[in-house]
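If you're matching positions, the sequence shown starts at 81 in the working numbering and goes up one per residue.
C-beta atoms are modelled at their ideal positions from N, C-alpha and C, and glycine is treated no differently.
On a predicted model such as this, the values are computed, not experimentally measured, just so you know.
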Amino acid sequence: MWGIIKKTYMGSMREFNPKITIKMGILVVSISLVCIATMALTVYVPATRGYFNLGETMVYTVAILFGPYIGALAGGIGSALADLLLGYAHYAPATLVIKAVEGLVVGYLARRVLKASTTIWKYLATVMAIVSGFLLCLIGVHYYSGHVDLTLGVTENVSLVLPLYVPMWFWVTIGILFALMIILLSHTIDPRVGWTIVSLMAGGSLMVLGYFMYETLIFGMWAALVEVPVNIGQVTVGLAVAIPLTKALENRVKTLLMMK
């Protein structure tokens, strides 16, 4: 009997794969990060009854760093869990699917870089920098300027609401700085950063479309249209945070994934 137990134990030890444990740990942490980012900070705009959260920042970061599968699971489960905890259970099923698709597409495209010369990549990065910077300015100025309520916290009972006034020049400055940062990154560190932005916008577009279709079924087309700019705002803020964050973390992540 002891011999059987010993043989089984030794066999399981030989079959033990540290990489699986690391990936499971990464998945759990990624789900937590997406959930916390979605819940911890929301900005509500009374004039439009719209708001955005920072969930996209972690969905994109996780998908770029760890690939499509972890990106899909973390994006879907983490975001849906946040909906449940925040009291938006009617959104949770749609969120599970929509955010999973978003994470999957971003993670897949970010790792499927097309072959092109460095010059072409730099041109693409410059174009995408201008487009994304312009979107950041446009959405920010029209939907997130003026008096806003910034909510810090994870539940209705444990939160801090800060009334703020956000001037238009704030978003203009952020948009210009982001565009310049992308151009600088493409010319000094990674010319392919433009393709990363394309990947994020592709996944983000599916997210915007998915919520538009779901909200049309529930609230009607006109109500759903009001939320489209809000969701586009989440995409632009998400990529503005995720791009520099992933560049800062990618070397450490590669070291972690290479551990035996």
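Let's test the definition: count the other Cβ atoms within 10 Å of the Cβ of R129 and tell me whether it reaches 16, buried, or not, exposed. The predicted position of R129 is uncertain, since its pLDDT is 45 and thus under 50; no value can be drawn from it.
Three-state class that DSSP yields for P243 in the structure shown: strand
Backbone CA spacing between Y89 and T175 [nearest angstrom]: Confidence at Y89 is low in this model, with a pLDDT of 44, below 50, so the placement of that residue should be treated as unreliable; the coordinate-derived value is given next. If I take the Cα positions, the gap works out to 42 Å.
Counting contacts by CB-CB distance shorter than 8 Å, is G255 in contact with chain D? This model lacks chain D altogether; it includes just one protein chain.
Buried or exposed (CB count within 10 angstroms, at least 16 for buried), V288: buried
Taking the straight line between their C-alpha atoms, what separation do you get for I254 and S159? 26 Å
Rounding to the nearest angstrom, what Cα-Cα distance links I100 and P148 in this structure? 16 Å
Using the rule of at least 16 other Cβ atoms within 10 Å of the residue's Cβ for burial, across every protein chain shown, is G135 buried or exposed? buried
Which of helix, strand or coil DSSP assigns to G313: helix
Which term fits R272, buried or exposed, when burial requires 16 or more other beta carbons within 10 angstroms of its beta carbon? buried
Check whether V186 and S110 have beta carbons under 8 Å apart: no
Can you give me the Cβ contacts of M81 inside the same chain, cut-off strictly under 8 Å, excluding the 5 residues immediately before and after it? Since pLDDT at M81 reaches only 44, below the 50 mark, its modelled position is unreliable, and the value read off the structure follows with that caveat. Nothing listed; no residue qualifies.
Under a Cβ-count criterion, where at least 16 other Cβ atoms within 10 Å of its own Cβ denotes burial, should I269 be classed as buried or exposed? exposed
Which residue or residues does DSSP assign as beta-bridge partners of H227? Y245
Let me know the secondary structure DSSP gives L194 once reduced to three states. coil
So for L204, helix, strand or coil by DSSP? helix
Could you pull the DSSP bridge partners for N133 from this structure? T122
Here's the rule I'm using: 16 or more other beta-carbon atoms within 10 Å means buried, otherwise exposed. How should F146 be labelled? buried
Length of the line joining the Cα atoms of A320 and A143: 15 Å
Taking the CB atoms as reference points, tell me whether V252 and V221 lie closer together than 8 Å. yes
CA-CA distance, L121 and N133? 6 Å
So, for V246: in the same chain, excluding its five sequence neighbours on each side, which residues have a beta-carbon less than 7 Å away from its beta-carbon? Y224, S225, G226, V228
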